[in-house]
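Peer 1: Before I ask anything, here is the structure I am working with.
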Amino acid sequence: MPMGSSMTITRRQFVAATATGLAIPTGVFALGSTKPIDNELTGKVICGYQGWFNARGDGMDFGFRHYDVAGKGFRPGHCSVDLWPDVDGYDKAARYDTPFLHKNGRVAQVFSSADKSTLTLHHQWMREYGIDGAALQRFGLSLDGGKLHRMRDRVLENTRTAAKQQGRLWMNMYDLSGMDGKQVQDRVVKDWQGLVDRGITNDPNYLHHQGKPVLSIWGVGFGGRRYNIHACNAVIDRINKEKRYAIMLGTPYHWREQIRDADRDPRLHDTLRRADILSPWAVGRLSTPGDTLNRMESQLKPDLAWCKDAGIHYLPVIFPGFSWYNLKQARGQEGRLDQIPRRKGAFLWAQAEAARKAGAESLYLAMFDEIDEGTAIFKCTNDPPVGESPFLDYEGLPSDHYLWLTGQVAARLRRGKVPAIREMPKRPL
């Protein structure tokens, strides 16, 4: 079927196709598939979703937030993104003009995460390509009652609606970055109770693990933070004293050995044993397909064994590549364009296969919409603006290549224990 056309297949056909690893072409979806097959984590590929982009004119009064750096301006030679979104397909009212120009002189446009239609489109893509859902980032520093807090609430409510409409899963993930111990305890506990009161854990599309809604807290066990293990334990004590939730902790990559990015606190492992799910942050910790094979033996398998002994679900993080040149430049720092090359998807595929072969039953993909650090998998253009700011593209591949490839990763994961293949699948024309 030509890409871009659409058709409907029965749920039985859809389940059979994905279970056997067949690609579901763009535009094909299961009849009545506004409800996910199930909301359990096992067998799922979940994408991190930042939802933090604003544009001048979106009604939120942030200007081009996260396209620029700390409000210092968004113009050629000064921006914070290394990939440029492909805005074809967005609602006309949800496409915002910028000071940047394409090669042919056309004004370059961007999207805003504040727009309901945009979040609906992103979740529609997840459905069309067979991606199970999103982990919505909720940044603790923003939960102060101000206008940024209102932005986060708007994105959350639009995520809930979009996930329900498109039959995708979602979960709330607190990011503790930049907080101190008191903020961690006070803001996260209060905010989570407010979200529960608003009924998010009753959403049929809210992600569960072993029958319990997942509460995800990212940033536990990293060294050099303003909060410590005591603050993280206090949050778990206050939120989950009745064991109503499956606690997911986002940890440093070297949490088990407590080296490099990990806190040396001797209480760390005791805290991690309180989790139901552990997800170590792998972005930037490996850079080639060869690295992934080495890390399968030295990292993934020992991590999985530790988690299995502790009765914890292991959720590896995979990512397509990495680049933060413009972000670093705008901050007056050194950065590299295409620091970790994508290799047309081979790098992502190698990570997914290594994790699956090691025994992982679910995957966390970083990230769906992260163009700041070049880890996005959503549609990005091969015709980025020209001028003083350099941008990456998708190496001439279709703008939906990484959505398609992530769907293939999900299909392989659902097939269970099938032999690993090093070469990623070829996309049918």
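The sequence shown begins at 4 in the working numbering and counts up by one. Don't be surprised by glycine CBs; every beta carbon is placed ideally from N, CA and C. Remember, predicted model here, so these are calculated numbers, not experimental data.
Taking 9 Å as the threshold (beta carbon to beta carbon), is A234 in contact with chain C?
Peer 2: This model lacks chain C altogether; it includes just one protein chain.
Peer 1: How many whole angstroms separate the CB atoms of W195 and I242, which I take to be in contact at a CB cut-off of 8 Å?
Peer 2: Going by Cβ atoms, the distance from W195 to I242 rounds to 6 Å, so yes, they are a contact pair.
Peer 1: When the distance is taken between beta carbons, is M299 closer than 9 Å to W352?
Peer 2: Not in contact: W352 and M299 (Cβ atoms no closer than 9 Å).
Peer 1: How about D94: is its Cβ closer than 8 Å to a heavy atom in the ligand FMN?
Peer 2: The model on display carries no ligand, and the ligand FMN is accordingly not part of it.
Peer 1: In whole angstroms, what is the alpha-carbon distance linking F292 and R59?
Peer 2: Residue identity differs from the one stated: residue 292 is Pro in this sequence, not Phe. Computed Cα separation, rounded: 40 Å.
Peer 1: Mind listing, in chain order, the continuous alpha helix (DSSP H) runs of no fewer than 4 residues lying wholly within the region 44 to 71?
Peer 2: Listed in chain order, nothing qualifies, since the region 44 to 71 has no complete alpha helix (DSSP H) run of 4 or more residues.
Peer 1: If you draw a straight line from the C-alpha of P344 to the C-alpha of P88, how long is it?
Peer 2: Using only the alpha carbons, I get a separation of about 18 Å.
Peer 1: Check for me: the alpha helix (DSSP H) holding G410 runs from which residue to which?
Peer 2: Where G410 is concerned, the enclosing alpha helix (DSSP H) stretches over 404 to 418.
Peer 1: In chain order, which beta strand (DSSP E) runs of at least 3 residues are fully inside the region 264 to 318?
Peer 2: Here the runs fully enclosed are 280 to 283.
Peer 1: Per DSSP, L252 is paired with what?
Peer 2: In DSSP, L252 forms a bridge with I220, L281.
Peer 1: So what does V90 bridge to, in DSSP terms?
Peer 2: The partner list for V90 (beta bridge, DSSP) is empty, contrary to what the question assumes.
Peer 1: Please name the residue in Q188, R415, V421, F65 whose C-alpha comes closest to that of G46.
Peer 2: The option with the nearest alpha carbon to G46 is R415.
Peer 1: For the alpha helix (DSSP H) that contains T121, what are its first and last residues?
Peer 2: Residues 119 to 132.
Peer 1: Cβ of S219 within 9 Å of Cβ of L252?
Peer 2: Going by C-beta atoms, S219 is nearer than 9 Å to L252.
Peer 1: If we ignore side chains and look at the alpha-carbon of each, how far apart do K167 and G335 end up?
Peer 2: Distance between the alpha carbons of K167 and G335 is about 42 Å.
Peer 1: Any contact between the region 102 to 118 and the region 65 to 79? By contact I mean 3 or more CB pairs, one from each, below 8 Å.
Peer 2: They touch, by the three-pair rule.
Peer 1: Name the DSSP beta bridge partners of V320, please?
Peer 2: DSSP output for V320 lists Y367 as bridge partner(s).
Peer 1: Using the three-state DSSP reduction, which class does C383 fall into: helix, strand or coil?
Peer 2: C383 falls in the strand class under three-state DSSP.
Peer 1: Can you check which of these residues, H212, N236, G214, is closest to V223 by C-alpha distance?
Peer 2: If we check each option's Cα against that of V223, N236 comes out closest.
Peer 1: Under the rule that 16 or more other beta-carbon atoms within 10 Å means buried, what is D306, buried or exposed?
Peer 2: D306 should be labelled buried.
Peer 1: Out of curiosity, what's the CA-to-CA distance linking N57 and D268?
Peer 2: If I take the Cα positions, the gap works out to 38 Å.
Peer 1: Less than 9 Å between the C-beta atoms of H316 and N42, yes or no?
Peer 2: Cβ atoms of H316 and N42: not closer than 9 Å.
Peer 1: DSSP state of D100, grouped into three classes?
Peer 2: Residue state, collapsed to three classes: strand.
Peer 1: What's the C-alpha gap between G338 and T254?
Peer 2: About 25 Å.
Peer 1: Which whole-angstrom value describes the C-beta separation of E398 and K347, a residue pair presumed to lie in contact below a C-beta threshold of 8 Å?
Peer 2: Between K347 and E398 the Cβ distance is about 5 Å, and since that is below 8 Å, they are a contact.
Peer 1: Helix, strand or coil, according to DSSP, for L198 in the structure here?
Peer 2: Correct three-state label for L198: helix.
Peer 1: Spatial neighbours of L330 within its chain, please: CB distance less than 6 Å, with the 5 preceding and 5 following residues excluded, ordered by chain position.
Peer 2: So the list reads S83, D375, once near-sequence residues are dropped.
Peer 1: What is the DSSP secondary structure of G136, counted as helix, strand or coil?
Peer 2: Strand.
Peer 1: Keeping to the same chain, check which residues put their C-beta closer than 6 Å to that of H81; ignore five residues upstream and five downstream.
Peer 2: Only A333 meet the Cβ criterion.
Peer 1: Using beta-carbon positions only, say whether I321 and Y367 come within less than 9 Å of one another.
Peer 2: Yes, they are a contact pair.
Peer 1: Nearest to T227 by CA position, among D240, I203, Q261, is which residue?
Peer 2: Note that residue 227 is Gly in the sequence shown here, rather than Thr. Checked all of D240, I203, Q261; the closest Cα to G227 is Q261.
Peer 1: For the region 117 to 136 and the region 176 to 191, state whether three or more C-beta atom pairs, one from each stretch, are separated by less than 8 Å.
Peer 2: As far as the Cβ criterion goes, the region 117 to 136 does not touch the region 176 to 191, which means the pair count is below three.
Peer 1: Around the Cβ of K382, are there at least 16 other Cβ atoms within 10 angstroms (buried) or fewer (exposed)?
Peer 2: With 16 or more other Cβ atoms within 10 Å, it is buried.
Peer 1: Give me, in chain order, the residues of the same chain whose beta-carbon lies closer than 7 Å to that of W394; leave out the 5 immediate sequence neighbours on both sides.
Peer 2: With the sequence shown as reference, residue 394 is identified as Phe, and Trp is not the correct amino acid for it. Hits under 7 Å: D85, L86, W87, P387, P388.
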